[in-house]
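See structure below.
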Amino acid sequence: MAEPKRRSRYFCQVSSGEQFSHTEMTYAKVGLLAFVLATLILLAGPQQADAAHAPVKAGAKNAYATMLYMGTPRDYEFYVAARVMLQSLAKLKVNADLVVIASSAVPMKWRRNFLKDGVRLVIVEDIQNPYRHQPKFDMRFMFTLNKIYAWTLTDYERVVMLDVDNLFLQKTDELFTCGQFCAAFINPCIFHTGLFVLEPSNETFNSMLYDIQNGRENKDGADQGFLTGHFSDLLDRPMFHPPGNGTKLNGIYRLPLGYQMDASYYYLKLKWSVPCGPNSVVTFPSVPMLKPWYWWSYPVLPLGLSWHEQRRHTIGYGSEIPLMAAEALFYIITMIVAMIVRQRVLTTDRAPLLKSCLGRGPCSLESGSMVQPFLLKAAAFLAIVTSFVIPFIIVPTTAHPLIGWALWLLGSQSLLIVTINIFHLPVLPVITPWLGFFGVLLVMAAPIYINGIVRALAIFGYAFLASPFLWWMLTQVSASIDLAFAREPLMAYANLRKKEMIEEW
Ligand SMILES: *[C@@H]1O[C@H](CO)[C@@H](O)[C@H](O)[C@H]1NC(C)=O
Ligand SMILES: *[C@@H]1O[C@H](CO)[C@@H](O)[C@H](O)[C@H]1NC(C)=O
Numbered sequence: 001m002a003e004p005k006r007r008s009r010y011f012c013q014v015s016s017g018e019q020f021s022h023t024e025m026t027y028a029k030v031g032l033l034a035f036v037l038a039t040l041i042l043l044a045g046p047q048q049a050d051a052a053h054a055p056v057k058a059g060a061k062n063a064y065a066t067m068l069y070m071g072t073p074r075d076y077e078f079y080v081a082a083r084v085m086l087q088s089l090a091k092l093k094v095n096a097d098l099v100v101i102a103s104s105a106v107p108m109k110w111r112r113n114f115l116k117d118g119v120r121l122v123i124v125e126d127i128q129n130p131y132r133h134q135p136k137f138d139m140r141f142m143f144t145l146n147k148i149y150a151w152t153l154t155d156y157e158r159v160v161m162l163d164v165d166n167l168f169l170q171k172t173d174e175l176f177t178c179g180q181f182c183a184a185f186i187n188p189c190i191f192h193t194g195l196f197v198l199e200p201s202n203e204t205f206n207s208m209l210y211d212i213q214n215g216r217e218n219k220d221g222a223d224q225g226f227l228t229g230h231f232s233d234l235l236d237r238p239m240f241h242p243p244g245n246g247t248k249l250n251g252i253y254r255l256p257l258g259y260q261m262d263a264s265y266y267y268l269k270l271k272w273s274v275p276c277g278p279n280s281v282v283t284f285p286s287v288p289m290l291k292p293w294y295w296w297s298y299p300v301l302p303l304g305l306s307w308h309e310q311r312r313h314t315i316g317y318g319s320e321i322p323l324m325a326a327e328a329l330f331y332i333i334t335m336i337v338a339m340i341v342r343q344r345v346l347t348t349d350r351a352p353l354l355k356s357c358l359g360r361g362p363c364s365l366e367s368g369s370m371v372q373p374f375l376l377k378a379a380a381f382l383a384i385v386t387s388f389v390i391p392f393i394i395v396p397t398t399a400h401p402l403i404g405w406a407l408w409l410l411g412s413q414s415l416l417i418v419t420i421n422i423f424h425l426p427v428l429p430v431i432t433p434w435l436g437f438f439g440v441l442l443v444m445a446a447p448i449y450i451n452g453i454v455r456a457l458a459i460f461g462y463a464f465l466a467s468p469f470l471w472w473m474l475t476q477v478s479a480s481i482d483l484a485f486a487r488e489p490l491m492a493y494a495n496l497r498k499k500e501m502i503e504e505w
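For the sequence shown, counting from 1, position 270 maps to 270 in full-length UniProt numbering; every step adds exactly one.
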């Protein structure tokens, strides 16, 4: 009878050691849950408050316009971003119509939401892109030439044409006093087409359409390449200064940088310093995967939160909340079930889920199965990585960053606990990378840095200090699987002894 006793003591030690981390984990979970729920409630608020949003008055002399087309993997994000941008303009009480030049493929539901927002829709046929076969053509630019439809909005005296990745810090109605074409240089020699002023004109539109159909040279095959070719002498034009008496200028002008502040400059200083013009509009030209509407872009890039503040105050998050709540519920249930199963396994004498016959010993001979430690380790590490990847992928892309990360932390923790159960792994090492990720988010989001370089160094320093822990986790997980293999013959032997003893009895 000595044998089973010793074993139960072994289990006792394990379970008391693990009991401790269980309590810790329960606290972490309750905290996360409370956080997720609190934020969900917080974010649902503005959505309801905004339902009665008054439409902007139609029939103005000028317009802010953007375009929407279908056929990229990111159509939905662009639709959300367009709504947020136009509603943020409405909130700034601009004295202009808000217009979306929508391709005829844009879904009815989206169109209805724009109309509900008080936006005027202009439905157009996509302009076929003659540059789509040229080398290095980026498919997401397939229909960006639709932008020239802005020149057909001849109901308006001036149009400010916008990409959806513009963040307005203040109202910019003085732009309507600019001339036939005005744009800003955020690059020393190529002007940016994320925001420009134009005077609509059928004649200009027709001549541009003619150039496109005849395949005039265009380096990037997109609107930027096309328009910089069309207004190739903009660099030599005078700078735009709004006339004090409000009359409209004639001619072509450069816009001050303050109308297109490249977010990349912000990250260097963590503040804006464009001293020579109004700081009005932020643009996000670089790295498509870090556009500010993606939840993961903050706290990697701090301005993501500013964009989401605008979303929170305009269209809210109503469309994502049901899915996120369902995900959170699923994770919590998974976690509770996994904990119950784990408690059972630890407190009874039963074997772990993926059990027995791991390697050598009489048992493996019995069943004939032979799992290699290497394969088991590979599977365990794959399961750990997957526990982080799957929750990341299924968070809705345009979720609020705080909710997105909380949901990801909750989801990865719940899947990690399942992984710990299946492979019977030690808790702390497996949770270590999770703690590491949590830490790096805090380091990135900390509002203490004097500039972007210090912040980058802090993140680098954190990664440097955290890497030994990751290494420790790898060796611990690996050792625990080796131990399982080494113990297997003993366990099998113990089982055999038990059987013999029962038979003897
Ligand atoms: C421009 O063309 C459109 C459609 O062809 C027409 O409705 C509009 O009146 C024209 N505008 C001007 C100013 O000629
Ligand atoms: C408005 O000011 C501009 C210069 O800023 C001047 O050229 C123009 O004549 C003025 N127009 C009126 C109506 O005063």
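No residue lacks a Cβ here, since even glycine has one placed at the ideal position from N, Cα and C.
Roughly how many angstroms lie between the CA atoms of Tyr259 and Pro426, to the nearest whole one? For the pair Tyr259 and Pro426, the Cα-to-Cα distance works out to about 55 Å.
In the DSSP assignment, find the alpha helix (DSSP H) that holds Arg254 and state where it starts and stops. Here Arg254 belongs to no alpha helix (DSSP H); instead the beta strand (DSSP E) covers 252-255.
For Gly59, three-class secondary structure by DSSP: Reduced to three states, the DSSP call for Gly59 is coil.
Distance cut 5 Å, beta-carbon to ligand 1 heavy atom: residue list by chain order: Residues with a Cβ closer than 5 Å to any heavy atom of ligand 1, in chain order: Thr154, Asn202.
Close-in-space but distant-in-sequence residues of the same chain around Gln47 (CB under 7 Å, 5 per side omitted): Below a pLDDT of 50, predicted positions are generally treated as unreliable, and Gln47, at 41, falls in that range; no measurement from the model is reported.
Mind checking which residues open and close the beta strand (DSSP E) that includes His192? Counting along the chain, the unbroken beta strand (DSSP E) around His192 starts and ends at 191-198.
With a cut-off of 8 Å, do at least 3 Cβ pairs link the region 420-438 to the region 318-337? These segments do not touch.
What does the alpha-carbon distance come out to for the pair Ala51 and Ile101? The predicted model places Ala51 with a pLDDT of 34, which falls under 50 and marks its position as unreliable; any figure quoted below should be read in that light. When rounded, the distance between both Cα atoms is 24 Å.
To the nearest angstrom, how far is it from the Cα of Leu268 to the Cα of Lys93? Using only the alpha carbons, I get a separation of about 32 Å.
Counting C-beta neighbours from all protein chains within 10 Å, is the total for Asn202 16 or more, i.e. buried, or is it exposed? Result: exposed.
In or out: Ala63 buried (at least 16 other Cβ within 10 Å) or exposed? Buried: at least 16 other Cβ atoms inside 10 Å.
Pull up the distance between the alpha-carbon of Tyr294 and that of Asp75, whole angstroms please. Rounded to whole angstroms, Tyr294 to Asp75 spans 13 Å at the Cα level.
Looking only at its own chain, which residues have a Cβ that is under 7 Å from the Cβ of Phe137, when we skip the five neighbours before and after it? Here Phe137 has Tyr131, Gly221 as same chain residues with Cβ atoms under 7 Å from its own Cβ, once five neighbours each way along the sequence are excluded.
For Phe226 and Leu145, believed in contact at Cβ under 8 Å, the rounded distance: A Cβ-Cβ distance of about 6 Å is found for the pair Leu145 and Phe226, placing them in contact under the 8 Å criterion.
What residue range does the alpha helix (DSSP H) around Leu323 cover? Per DSSP, Leu323 is one residue of the alpha helix (DSSP H) stretching across 321-347.
With a cut-off of 8 Å on the beta carbons, I'd call His241 and His308 a contact; round off their distance for me. The Cβ separation is near 34 Å, so there is no contact.
Please list, in chain order, all residues of the same chain as Ala486 whose beta carbon is under 7 Å from its beta carbon, the five residues on each side excluded. There are no such residues.
Measure the CB-CB distance between Leu167 and Ser264 and report whether it falls below 8 Å. Result no, Cβ atoms of Leu167 and Ser264 do not sit closer than 8 Å.
Within 10 angstroms of the Cβ of Ile417, are there 16 or more other Cβ atoms? Answer buried if so, exposed if not. Around the C-beta of Ile417, 16 or more other C-beta atoms lie within 10 Å, and the residue is accordingly described as buried.
In the structure shown, what three-state DSSP assignment does Met161 receive? Strand at Met161.
Where does Thr314 sit, in a helix, a strand or coil, going by DSSP? Look at Thr314 here: in three-state DSSP terms it is coil, with no helix or strand label.
Inter-residue Cα distance where the pair is residue 516 and Tyr298: Nothing about residue 516 can be reported from this structure: the residues present for the chain run from 1 to 505 only.
Would you kindly report the start and end of the unbroken beta strand (DSSP E) that includes Asp117? Where Asp117 is concerned, there is no enclosing beta strand (DSSP E), given that its DSSP letter is neither H nor E.
Distance between Val385 and Ser21 (C-alpha atoms, nearest Å): A caution first: Ser21 carries a pLDDT of 44, below 50, which makes its placement in the model unreliable, though a value can still be read off. Cα to Cα, Ser21 sits roughly 21 Å from Val385.
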